[in-house]
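As structure tokens, the structure follows; a few thoughts come after it.
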Amino acid sequence: MIIAIDIGGTKIRIAYSQVGDRIEDSLEFSTPTSQRIVVKQLIDSIHQLVGTSPIDAIGIASPGSINKRKGIIVAPRNVSWHNLKIVKPLQDFFKCPVVLEHDATAGGIAESRTGAGKTYKVVLYVTISTGIGTSILVAGEPLPTAHNSEGGWQIIDHTSQERFAELCSGKAIQRRYGSIAADIHSHTTWKLIASEMAVGLYNYITIIQPDVVVLGGGVSVHFKRFIKPLQKELAKFDPIYTIPPIKQARYVETAPAVGVMMLAAEQLK
-14 MIIAIDIGGT KIRIAYSQVG DRIEDSLEFS TPTSQRIVVK QLIDSIHQLV
36 GTSPIDAIGI ASPGSINKRK GIIVAPRNVS WHNLKIVKPL QDFFKCPVVL
86 EHDATAGGIA ESRTGAGKTY KVVLYVTIST GIGTSILVAG EPLPTAHNSE
136 GGWQIIDHTS QERFAELCSG KAIQRRYGSI AADIHSHTTW KLIASEMAVG
186 LYNYITIIQP DVVVLGGGVS VHFKRFIKPL QKELAKFDPI YTIPPIKQAR
236 YVETAPAVGV MMLAAEQLK
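So for the sequence shown, the working numbering puts the first residue at -14; every next one is plus one.
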């Protein structure tokens, strides 16, 4: 049995799979504000989900800065934790391999191997949820030089110094428009969101020249509400390169969990 732990800014998802590449069941709970209770809450939630079933491997997806060699979550975005030792305590308790990966990288792995980007060589994966994360995949593997890529931190407006995530993330949308993305039905509002989203994506597209852009995360659940205005906004920019297809993720909210399941399963080969 493979366990996936997907740490988000507002919630944590625990999932399991017998085969290691698809979620069979899961549960969620609010992300603790205190890091002192994180490991205990993870262990309790895993037991709640799978009982005493033997666990073969665990994969952890975390936002922000991580240190894979030391098994530490250094500074996750939108969560007030610092230098959280997470790999060794879980290894010691469950007596199995535990892998730690950046959440956007994990999501990109899932989408490039079996998801919306599986037929493309170079995949730009962008998760738009509480924050914004990015990863670059080539033939299903993360680009080594872009590990911990934080495209959400790119500056969109040089005058105000506002960043991509400060304009288009789920947290930013709620702050700026007074509603979560799910409750926004105004075409005018989505046009505004799409116009700023287009700038961040265009910057990435011109540098990376991906074959496809895959959008995941909670905001991308509402892909149909913003994809047409987004494509129109992208088309307005000087066409240095052909804009690649923009696709909704197959695992729109679960890609990081699926990705770390794949990585955890690889530990058993």
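Ideal Cβ placement from N, Cα and C applies to all residues, glycine included.
Just so it is clear, the structure is predicted and the values come from calculations on it, not from any experiment.
Counting only the same chain and skipping the five closest in sequence on each side, list residues whose C-beta sits under 6 Å from that of residue i.
| i | result |
| --- | --- |
| valine 107 | Val123, Pro195 and Asp196 |
| serine 97 | Val108, Leu122 and Gly125 |
| phenylalanine 208 | Gln233 |
| isoleucine 117 | Gly137, Phe149, Ala150 and Ser154 |
| valine 24 | Pro74 |
| alanine 250 | Ile(-13) and Gly5 |
Compare the beta carbon distance of residue i and residue j with 8 Å and say whether it is the shorter of the two.
| i | j | result |
| --- | --- | --- |
| alanine -11 | glycine 92 | no |
| serine 47 | leucine 85 | yes |
| leucine 219 | isoleucine 228 | yes |
| glutamine 233 | serine 205 | yes |
| glycine 202 | threonine 119 | no |
| glycine 100 | glycine 136 | no |
| aspartate 6 | leucine 34 | no |
| threonine 18 | serine 50 | no |
| threonine 16 | glycine 44 | no |
With burial defined as no fewer than 16 other Cβ atoms inside 10 Å of the residue's Cβ, what is the status of residue i: buried or exposed?
| i | result |
| --- | --- |
| threonine 90 | buried |
| isoleucine 192 | exposed |
| isoleucine 225 | exposed |
| aspartate 88 | buried |
| lysine 156 | buried |
| valine 4 | exposed |
| serine 154 | buried |
| alanine 167 | exposed |
| proline 230 | exposed |
| glycine 163 | exposed |
| threonine 115 | buried |
| serine 134 | buried |
| leucine 200 | buried |
| arginine 210 | buried |
Give the DSSP-derived three-state secondary structure of residue i in the structure shown.
| i | result |
| --- | --- |
| threonine -5 | coil |
| glutamate 300 | In the structure displayed, the chain extends from -14 to 254; residue 300 sits before or after that span and is not available. |
| aspartate 77 | helix |
| valine 64 | coil |
| glutamine 233 | strand |
| tyrosine 189 | helix |
| tyrosine 226 | coil |
| lysine 156 | helix |
| alanine 183 | helix |
| valine 72 | helix |
| aspartate 88 | helix |
| valine 204 | helix |
| isoleucine -10 | strand |
| glutamate 126 | strand |
| isoleucine 212 | helix |
| threonine 16 | coil |
| glycine 118 | strand |
| valine 59 | strand |
| alanine 101 | coil |
| aspartate 265 | In the structure displayed, the chain extends from -14 to 254; residue 265 sits before or after that span and is not available. |
Out of the options, which one is the CA nearest neighbour of residue i?
| i | options | result |
| --- | --- | --- |
| leucine 248 | Lys55, Leu27, Val83 and Lys232 | Val83 |
| proline 127 | Tyr110, Trp138 and Ile141 | Tyr110 |
| isoleucine 141 | Thr104, Glu251 and Tyr189 | Tyr189 |
| valine 237 | Ile51, Val72 and Gly102 | Gly102 |
| phenylalanine 79 | Asn68, Ile31, Ile51 and Ile94 | Ile31 |
| leucine 27 | Thr(-5), Thr173, Gly(-6) and Pro74 | Pro74 |
| arginine 21 | Lys254, Asn68 and Ser145 | Asn68 |
| glutamine 252 | Val24, Gln76, Tyr187 and Leu177 | Gln76 |
Got a sec? Which residues, its chain only, sit under 8 Å from residue i by beta carbon, not counting five neighbours each side?
| i | result |
| --- | --- |
| isoleucine 8 | Ala(-11), Ala0, Tyr1, Ser2, Thr239, Ala242, Val243 and Met246 |
| arginine -2 | Ala(-11), Ile(-10), Asp(-9), Ser11, Leu12, Glu13, Thr239 and Ala242 |
Would residue i count as contacting chain D if we go by Cβ distances under 8 Å?
| i | result |
| --- | --- |
| valine 64 | Chain labels in this structure do not include chain D; a single protein chain is all it has. |
Here's a check: name, in chain order, each residue in its chain whose Cβ is nearer than 7 Å to the Cβ of residue i, leaving out the five neighbours to either side.
| i | result |
| --- | --- |
| lysine 70 | Gly56 and Ile57 |
| serine 264 | The chain is shown only over -14 to 254; residue 264 falls outside these bounds and no answer can be derived. |
| methionine -14 | Tyr1, Gln3, Val35, Ser38, Pro39, Ile40 and Asp41 |
| leucine 152 | Ile141 and Glu181 |
| arginine 148 | Gly137, Trp138, Gln139, Ile140 and Ile141 |
| valine 61 | A small correction: the amino acid at residue 61 is proline; valine does not occupy that position in the sequence shown. Ile(-8), Ser47, Pro48 and Gly49. |
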